[in-house]
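A.B. asks: Quick one: structure below, then a few questions.
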Amino acid sequence: MPTSAAAASSLSLLFLHPHSRHSSAHRRPVRGGPHLRLPARASRARCASSDAPATATKHRRPAEENIREEAARLRGPVQGFSAWYEPFPPAPGGDPNERYSLDEVVYRSSSGGLLDVRHDMEALARYPGSYWRDLFDSRVGRTAWPYGSGVWSKKEFVLPEIDSDHIVSLFEGNSNLFWAERLGREHLGGMNDLWVKHCGISHTGSFKDLGMTVLVSQVNRLRRAPLSRPIAGVGCASTGDTSAALSAYCAAAGIPAIVFLPADRISLQQLIQPIANGATVLSLDTDFDGCMRLIREVTAELPIYLANSLNSLRLEGQKTAAIEILQQFNWQVPDWVIVPGGNLGNIYAFYKGFEMCRVLGLVDRVPRLVCAQAANANPLYRYYKSGWTEFQPQVAETTFASAIQIGDPVSVDRAGLHLLLCLSSGTSV
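For the sequence shown, position 203 matches number 203 in UniProt numbering, and the numbering has no gaps at all.
Take a look at the structure:
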């Protein structure tokens with residue numbers, strides 16, 4: 001797994017189109033391709049059975065009417081779709097039936113490991129991949145709540161049981177693809193079919209919005225539930241982007257937010273957003289890893305909900321960027337996808353989105369995934385070079401892209417295991 005130049009690591013995403021030669025067809029996603037298509041033709045079969053999940057048909061109805069209809073239809077697993085937390089990876093000798101409701105405030109398994117959101121794939125597989133492709137395509141660009149969001153247009157793959165009146169969305173996602181032929185030709189050995197997925201075209205300027213809409217929506221749901229320990233607010237450690245996203249979505253929902261930032265290590269633009277959105281901002285004389293240790297202690301002792309990627313709910317939103325890429329290429333699979341790596345949640349989220357589409361028949365394979373880290377903060381690369389034998393955190397030095405200056409990433413187990421699985425099957429480098 002190669003390290004990248006620092007400048008390249010600031011890009012949101014680079015990837016190759018499946019075809020090897022340039023043609024005008026490759027440029028459809030930029031000139032009004034699949035993401036701007038009209039809904040699927042009425043003559044096309046839309047579902048595998050008569051009880052398939054309905055989708056909104058009147059896109060200009062008042063939002064509150066859509067909310068009421070969706071809440072009534074999806075209150076509880078009406079269609080049998082559900083999700084829960086499971087240990088990740090399962091602990092050797094642990095309870096094979098260990099699982100937790102998404103309505104529980106829990107971040108670690110009984111053995112202290114990470115948790116992952118798992119979906120009832122058997123229930124989702126009752127409908128063929130063609131049904132899901134058509135359903136998701138029919139929702140793109142709509143104003144019917146909550147499907148105008150690039151995340152919530154894939155609601156059944158994200159949080160299938162949440163009522164739409166609990167969703168907190170700023171219409172995130174639906175970010176553009178840019179055809180970067182000259183960049184590939186001049187700087188990447190003559191590559192003539194390079195694309196950039198600019199996930200920073202979002203409410204707060206980063207891909208973190210994709211995950212934060214899911215996490216804050218679930219918190220909004222939990223704050224209305226009779227919990228034994230009510231949630232007073234949401235907190236995070238951040239190098240800038242996570243705090244901006246958390247504060248914006250909490251402000252939209254009216255939920256208090258607290259953020260821990262490393263002093264003098266984030267940009268003015270990143271600092272302005274949480275302050276402007278009313279969050280409590282604490283600047284600490286430490287690096288991101290020190291802030292992360294502190295927020296873990298605070299959320300363990302106080303009724304503050306943890307918003308960092310240790311909480312796997314965020315990854316459910318971030319995985320929709322991978323599904324969106326497939327949509328924008330008319331459900332063709334790119335050969336390579338390169339994802340910048342900091343706390344390493346996003347590389348796993350992309351794998352999860354692609355793999356979910358493969359398992360459910362939306363596509364037939366997963367692209368080759370590359371995690372690009374800056375040379376001054378590359379613990380996953382060092383882990384890979386060791387043959388995945390032992391992970392060693394490092395003290396991250398200054399990087400051009402400050403958001404990936406992380407030496408002890410929370411999601412290293414998620415990223416390492418799935419990149420290893422990809423390598424063993426010949427689908428990644």
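Heads up, the beta-carbon is just placed ideally off N, CA and C, and yes, glycines get one too.
Please go through the same chain and pick out, in chain order, the residues whose beta-carbon is closer than 8 Å to the beta-carbon of residue 37, but skip the five residues on each side of it.
C.D. replies: Stepping through the sequence shown from its first residue, residue 37 is reached at position 37. In this prediction, residue 37 has a pLDDT of 37, which is less than 50 and means its spatial position is unreliable; what the coordinates show is noted afterwards. Here the set comprises 137 and 140.
A.B. asks: Terminal residues of the continuous beta strand (DSSP E) containing residue 119?
C.D. replies: Locating residue 119 in the sequence shown gives position 119, where the first residue counts as 1. Start and end: 114-119.
A.B. asks: Could you please give the first and the last residue of the uninterrupted beta strand (DSSP E) stretch that includes residue 368?
C.D. replies: Against the sequence shown, residue 368 aligns to sequence position 368. Per DSSP, residue 368 belongs to the beta strand (DSSP E) from 368-372.
A.B. asks: Have a look at residue 186 and residue 179 and give me their C-alpha separation to the nearest angstrom.
C.D. replies: For the purposes of this step, residue 186 is taken as the residue at position 186 of the sequence shown. For the purposes of this step, residue 179 is taken as the residue at position 179 of the sequence shown. Whole-angstrom Cα-Cα distance: 14 Å.
A.B. asks: State the beta-bridge partners of residue 257 as determined by DSSP.
C.D. replies: Against the sequence shown, residue 257 aligns to sequence position 257. 234.
A.B. asks: Can you grab the Cα-Cα spacing for the pair residue 410 / residue 402, in whole Å?
C.D. replies: Counted from its first residue, the sequence shown places residue 410 at position 410. Counted from its first residue, the sequence shown places residue 402 at position 402. Rounded to the nearest angstrom, the two C-alpha atoms are 17 Å apart.
A.B. asks: Can you grab the Cα-Cα spacing for the pair residue 131 / residue 81, in whole Å?
C.D. replies: Here residue 131 is taken as the residue at index 131 of the sequence shown, counted from 1. Here residue 81 is taken as the residue at index 81 of the sequence shown, counted from 1. Rounded to whole angstroms, residue 131 to residue 81 spans 15 Å at the Cα level.
A.B. asks: Out of 211, 157, 287 and 146, which one is the CA nearest neighbour of residue 164?
C.D. replies: For the purposes of this step, residue 164 is identified with residue 164 of the sequence shown, where counting begins at 1. When each option's Cα is compared against that of residue 164, the closest is 146.
A.B. asks: Which one of 118, 212 and 264 has the shortest CA to CA distance from residue 288?
C.D. replies: The residue given as residue 288 occupies position 288 in the sequence shown. Ranking 118, 212 and 264 by Cα distance to residue 288 puts 264 first.
A.B. asks: Whole angstroms is fine: what's the gap from residue 196's alpha carbon to residue 229's?
C.D. replies: Along the sequence shown, one-based indexing puts residue 196 at 196. Along the sequence shown, one-based indexing puts residue 229 at 229. Cα to Cα, the separation comes out at about 44 Å.
A.B. asks: How many angstroms separate the CA atom of residue 120 from the CA atom of residue 83?
C.D. replies: Translated into positions along the sequence shown, residue 120 becomes position 120. Translated into positions along the sequence shown, residue 83 becomes position 83. Rounded to the nearest angstrom, the two C-alpha atoms are 6 Å apart.
A.B. asks: Could you give the first and the last residue of the continuous beta strand (DSSP E) run that contains residue 337?
C.D. replies: Taking the first residue of the sequence shown as position 1, residue 337 is located at position 337. Per DSSP, residue 337 belongs to the beta strand (DSSP E) from 336-340.
A.B. asks: Taking the continuous alpha helix (DSSP H) assigned at residue 136, which residues delimit it?
C.D. replies: Against the sequence shown, residue 136 aligns to sequence position 136. 129-139 is the span of the alpha helix (DSSP H), which, as asked, contains residue 136.
A.B. asks: Just to confirm before moving on: does the CB-CB distance between residue 216 and residue 253 stay below 8 Å?
C.D. replies: Walking along the sequence shown from the start, residue 216 turns up at place 216. Walking along the sequence shown from the start, residue 253 turns up at place 253. The answer is yes: Cβ separation under 8 Å.
A.B. asks: Closest to residue 169 by CA distance: which of 357, 221, 377 and 209 is it?
C.D. replies: Walking along the sequence shown from the start, residue 169 turns up at place 169. Comparing Cα-Cα distances from residue 169 to each of 357, 221, 377 and 209, the minimum goes to 209.
A.B. asks: Consult DSSP for residue 100 and reduce its assignment to one of helix, strand or coil.
C.D. replies: In the sequence shown, residue 100 corresponds to position 100, counting from 1. DSSP places residue 100 in strand when its eight states are reduced to three.
A.B. asks: According to DSSP, which residues form a beta bridge with residue 304?
C.D. replies: For the purposes of this step, residue 304 is identified with residue 304 of the sequence shown, where counting begins at 1. Listed as beta-bridge partners of residue 304 by DSSP are 233.
A.B. asks: Applying the criterion that 16 or more other CB atoms from any shown protein chain within 10 Å of the CB defines a buried residue, is residue 219 buried or exposed?
C.D. replies: Within the sequence shown, the letter at position 219 stands for residue 219. Burial call: buried.
A.B. asks: My assumption, with CB atoms under 8 Å, is that residue 339 sits in contact with residue 372. Please give the rounded CB distance.
C.D. replies: Your numbering for residue 339 matches position 339 in the sequence shown. Your numbering for residue 372 matches position 372 in the sequence shown. About 7 Å; that satisfies the 8 Å criterion.
A.B. asks: Taking just the CA atoms, how far does residue 266 sit from residue 363?
C.D. replies: Mapped onto the sequence shown, residue 363 falls at position 363. Mapped onto the sequence shown, residue 266 falls at position 266. Approximately 39 Å, taken between the alpha carbons.
A.B. asks: Examine the Cβ distances between the region 353-370 and the region 316-326 and report whether three or more of them are shorter than 8 Å.
C.D. replies: yes
A.B. asks: For residue 239 and residue 270, I'd like the C-alpha separation in whole angstroms.
C.D. replies: In the sequence shown, the residue the question calls residue 239 occupies position 239. In the sequence shown, the residue the question calls residue 270 occupies position 270. Cα to Cα, residue 239 sits roughly 8 Å from residue 270.
A.B. asks: Flag this pair as yes or no: are the beta carbons of residue 404 and residue 374 separated by less than 8 Å?
C.D. replies: Mapped onto the sequence shown, residue 404 falls at position 404. Mapped onto the sequence shown, residue 374 falls at position 374. Contact: yes.
A.B. asks: Just checking residue 386 against the ligand ZN - is the residue's beta carbon closer than 7 Å to any of the ligand's heavy atoms?
C.D. replies: For the ligand ZN, the structure offers nothing, since it holds no ligand at all.
A.B. asks: Under the rule that 16 or more other beta-carbon atoms within 10 Å means buried, what is residue 103, buried or exposed?
C.D. replies: The count along the sequence shown starts at 1 and reaches residue 103 at position 103. Counting Cβ neighbours within 10 Å, residue 103 comes out exposed, since fewer than 16 surround it.
A.B. asks: In the DSSP assignment, find the unbroken alpha helix (DSSP H) run with residue 354 in it and report its ends.
C.D. replies: Along the sequence shown, one-based indexing puts residue 354 at 354. That run of the alpha helix (DSSP H) goes 345-359.
A.B. asks: So, at 6 Å on beta carbons, what are the nonlocal neighbours of residue 394 in its own chain, with the 5 sequence-adjacent residues on each side left out?
C.D. replies: Taking the first residue of the sequence shown as position 1, residue 394 is located at position 394. The answer, listed in chain order, is 379 and 407.
A.B. asks: Out of 156, 174, 127 and 144, which has the shortest C-alpha to C-alpha gap to residue 150?
C.D. replies: Within the sequence shown, numbered from 1, the residue matching residue 150 stands at position 150. The shortest Cα separation from residue 150 among 156, 174, 127 and 144 belongs to 174.
A.B. asks: Can you look up residue 417 in the DSSP assignment and give me helix, strand or coil?
C.D. replies: Against the sequence shown, residue 417 aligns to sequence position 417. Residue 417: helix per DSSP, three-state reduction.
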